[in-house]
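Residue numbers (the working numbering), protein chains in the order written: chain A, 1 to 222; chain B, 1001 to 1157.
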């Protein structure tokens, strides 16, 4: 039973865990790049890659509030919401969905660029940089640097939006930690995917990320 | 009257040509030096990347490691010549080479010599077919790169 005095469960552990791990790792990635700890930066990127893969698959087959098909809406629905039309469902509202998509897309691009990036000394290049030459890898590294600013702007907008909602007494932060909203805020309990599915998808996403992190080297990998 | 060219006019003309060429050369050379230097460092980076890929592959190709190690060593040996006087930021060119390279010439020379020594060791190991040794030596080469960059290279613009 999902509805109780503790409120309605809207976010499963998978969504919360991927969200917070990615948040921490993006911060760590920024710091490790700034401090020129490239092996740590690469590891952090590899982990984000795995989390992103998990989240993308979970967004298709996971719990109801995690599914893109459940929360991604067209321009009409977004405009209706922006004009004060309200939102009765659970999870991301039509406008917030845009933020989710923008963040996931930009982060995916950023991780993708990082895989092919080459540092200026050529000593700590990304795991797929062997497929590009030094100059191309350097150009990709510069793009990687630029896209980080886009990501930073999106994170900033994300935080400002949360602050505005909180000021208007719409709790967003606590539910992303506990997974629950007040019973008054929800009329129905969303459907949740079983834990075994999350574990199986985590294993698949982890395996793919591991292979990419090792330069898609199949021989001697196992 | 035969056309007489005074020694003096020849001397003046020669001096003018010399000064003109020299100043033109100096004006071009700062930018050219920076460009050539950056090209050299790209070659160094490319060789380091190529060697790293061999070791990461798990089955390094001795021929590639040998060729790239030789290239690294040769490049490193000429590195001090990539920093002619007047090719720093004071010349008004965009470069991350810090003025310290010229003001602390002996320190820079030691750092450059360190890279030459470490890459020469790498080259020796690779040439003798000691791939495990060469792989381990890449750490020392990387440290030599980093040691110099930390002190003598400015931040990325």
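A virtual CB, placed ideally from N, CA and C, is assigned to each residue, including glycine.
Between residue 1116 (chain B) and residue 1069 (chain B), the gap from beta carbon to beta carbon reaches 7 angstroms or more.
Buried is the label assigned to residue 1125 (chain B), since at least 16 other Cβ atoms lie within 10 Å of its Cβ.
Per DSSP, the continuous beta strand (DSSP E) segment holding residue 7 (chain A) begins and ends at 7-9.
For residue 121 (chain A), the number of other beta carbons within 10 angstroms of its own is at least 16, and it is reported as buried.
The alpha-carbon separation between residue 1089 (chain B) and residue 1150 (chain B) amounts to approximately 17 angstroms.
Going by C-alpha positions, residue 38 (chain A) is about 7 angstroms away from residue 32 (chain A).
At a cut-off of 7 angstroms, the C-beta of residue 1148 (chain B) has no neighbouring C-beta in chain A.
Residue contact check for residue 34 (chain A) against chain B: no CB pair falls below 7 angstroms. For the segment 1053-1100 of chain B, the continuous alpha helix (DSSP H) assignments of 4+ residues that do not extend past its boundaries occur at 1062-1078, in sequence order.
In the three-state scheme derived from DSSP, where H, G and I count as helix and E and B as strand, residue 181 (chain A) is classed as strand.
Taking a C-beta distance under 7 angstroms as the contact criterion, residue 1064 (chain B) and residue 1074 (chain B) do not qualify as a contact pair.
Contact of residue 39 (chain A) with chain B by beta-carbon distance below 8 angstroms is absent, the smallest such distance being about 11 angstroms. In this structure, the beta-carbon distance from residue 10 (chain A) to residue 181 (chain A) falls below 7 angstroms. With a cut-off of 8 angstroms on Cβ pairs, the segment 136-143 of chain A is not in contact with the segment 153-161 of chain A, counting fewer than three such pairs. Residue 1053 (chain B) has a beta carbon lying within less than 7 angstroms of a beta carbon in chain A. Note that the segment 1091-1111 of chain B does not touch the segment 1056-1063 of chain B; fewer than 3 beta-carbon pairs, one per stretch, sit closer than 8 angstroms. Near chain A, meaning a CB-to-CB distance below 9 angstroms, the residues of the segment 1032-1063 of chain B are 1041, 1042, 1043, 1044, 1045, 1046, 1047, 1048, 1049, 1050, 1051, 1052, 1053, 1056, 1057, 1058, 1059.
DSSP, read as helix, strand or coil, puts residue 1153 (chain B) in strand. Using a Cβ-Cβ cut-off of 7 angstroms, residue 114 (chain A) does not count as an interface residue toward chain B, since no Cβ of chain B sits closer than that to its own.
If you ignore the 5 residues before and after residue 1102 (chain B), its C-beta comes within less than 7 angstroms of the C-beta of 1085, 1088, all in its own chain and listed in chain order. Cβ contact annotation for residue 44 (chain A) (same chain, cutoff 8 angstroms, sequence separation greater than five): 25, 28, 29, 32, in chain order. The beta carbon of residue 80 (chain A) lies closer than 8 angstroms to those of 94 in the same chain, with the five residues before and after it left out. Separation of the CB atoms of residue 1034 (chain B) and residue 1093 (chain B) is rounded to 5 angstroms, and the pair is thereby assigned contact status at 8 angstroms. For residue 51 (chain A), the closest Cβ of chain B is not nearer than 7 angstroms. For residue 134 (chain A), the residues of chain B that pass the 8 angstroms Cβ criterion are 1042, 1045, 1046, 1049, in the order they occur in the chain.
Using a Cβ distance threshold of 7 angstroms, residue 69 (chain A) and residue 193 (chain A) do not count as a contacting pair. Take residue 208 (chain A), set aside five residues on each side of it, and the residues of its chain with a beta-carbon closer than 6 angstroms to its own are 53, in chain order.
C-alpha of residue 1156 (chain B) to C-alpha of residue 138 (chain A): approximately 13 angstroms in a straight line.
Between residue 116 (chain A) and residue 132 (chain A), the CB-CB gap stays under 7 angstroms.
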